[in-house]
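In our numbering, the protein residues as written are 692 to 1143. Glycine included, C-beta positions come from ideal geometry on N, C-alpha and C. Predicted model only: the values in this text are computed from it and were never measured. Working notes for the structure below.
This is the structure:
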């Protein structure tokens, strides 16, 4: 595999913060204990230097683009999600798109794909722009240190309230906010026994905690779906309208609809929030690039709501976000269970083997990228990247259905904020990347915000 061509741009600043991967072999028990706290601690550091690493027992760590493509797009495209993934988040998202398999998954994918089509994004972008203006105004009017690891999820939480839970007098915005925060905390609490693959009947520590966050959100989801259906709007005004419109011509049982609504909430909140936080940090680390991105935004939309059609004229902002997702992919790790015997480039995979895709390592692998730990957004301006080498949203039939939604949300929010606010590094210590349900910061990410 040939590394991406030499990057000519000269960026100021230091190397962005990175995670500490496992330099020594990890036992199964160590894996389960550490993974519950930070999955990155159990991924072999060797995956940063080699494109294939054989793990203990039946585990394969795969960073080889050709193998990734074969397993996600080719012969292995029908392999199921790993059992431990289902055990970890199944109680929160049910049998929606993330976890369903086979014909049930195919029907859901077909049913919901039109929701995320480009023709629907201008409607959603208007909601994102309203949130972006509010966040920008607040930061510009209250300059000083700010924790972007809190600002970013607050932004995407507001968007969820706007595009899914808005317009219901019976359900307040505060109910939604409190319910969603508790819900995300619940699903981020990984079970040691689930990670070890122990039987479901064995008691989990999590069982001692209340399942109220899940039941509360499911109840709220049912309520807003029923209320919105009763409204029967003539034209879709937000994501929930589009979802209900799709179900008029393709029936789905009520509980599966709740599963999918919560699946979209989960997938559309933390992933975008993490990218925003890391993206603001990288621009603070590289003020020259921040100025260039701001100039591009101002030349396209100097004031007023950023529109979906504006984004095609912001290639540098898009490249910045792509590079952010390379260095800090929200979905930094995922797994499949092999459903058949395969031989790919001399690597033998047995039926039932665990196929681990450490996206964090793939995106920083020294055999695949030139200066892999450095921030170089020019990688994504022209040129091509080998298929299977850059997969922030996965690949193949199960690539994230909301990838365009997420990219649009991140771009609109960031463009709205950068027009009014400049970020710089503070004297506070920087957090490290931590991977539980998604890859987030290990603590506050304090930057200085000042009005432009």
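Residue 851 has its alpha-carbon roughly 7 Å from the corresponding atom of residue 956. Checking the DSSP bridge columns, you'll see residue 1130 partnered with 1126. The beta carbon of residue 968 sits closer than 7 Å to those of 839, 840, 843, 1132, 1136, all from its chain and outside the five residues before and after it, given in chain order. Looking only at 818, 788, 751, the smallest Cα-Cα distance to residue 846 is reached by 818. Taking 3 residues as the minimum length, the beta strand (DSSP E) runs contained wholly in the segment 748 to 813 are 750 to 753, in order along the chain.
Following the DSSP letters along the chain, one finds residue 733 in no beta strand (DSSP E), marked with neither H nor E. Under the 10 Å beta carbon count, residue 824 is surrounded by 16 or more other beta carbons and is classified as buried. If you keep only unbroken beta strand (DSSP E) runs of at least 3 residues inside the segment 992 to 1037, you get 1025 to 1028, 1033 to 1035.
Beta-carbon to beta-carbon, residue 976 and residue 1104 are separated by about 19 Å, too far to satisfy the 8 Å threshold. For residue 1142, the enclosing beta strand (DSSP E) starts and ends at 1137 to 1142. For residue 1039, the secondary structure class from DSSP, reduced to helix, strand or coil, is strand. Counting C-beta pairs closer than 8 Å gives fewer than three between the segment 941 to 953 and the segment 1089 to 1109, which falls short of the contact rule. Rounded to the nearest angstrom, the gap between the Cα atoms of residue 947 and residue 869 is 24 Å. Rounded to the nearest whole angstrom, the CA to CA distance from residue 1093 to residue 809 is 11 Å. When secondary structure is reduced to three states using DSSP, residue 1115 falls in the strand class. By the CB criterion at 7 Å, residue 1086 and residue 763 fall inside the cutoff.
By the criterion of a C-beta distance shorter than 8 Å, residue 1010 is surrounded in its chain by 1068, 1069, 1070, 1071, 1072, once the five residues flanking it on both sides are discounted.
Rounded to the nearest angstrom, the Cβ distance from residue 848 to residue 1125 is 20 Å, too far for a contact under 8 Å. For residue 930, the enclosing alpha helix (DSSP H) begins and ends at 930 to 939.
For residue 1014, same chain residues with a beta-carbon under 7 Å away, outside a window of 5 residues either side, are 1066, 1067, 1068, 1070, 1071 in chain order. As summarised for the segment 946 to 978, there are no continuous alpha helix (DSSP H) elements at least 4 residues long confined to that stretch.
Residue 748 and residue 717 have their C-alpha atoms roughly 11 Å apart. Here the alpha carbons of residue 767 and residue 1040 stand approximately 11 Å from one another.
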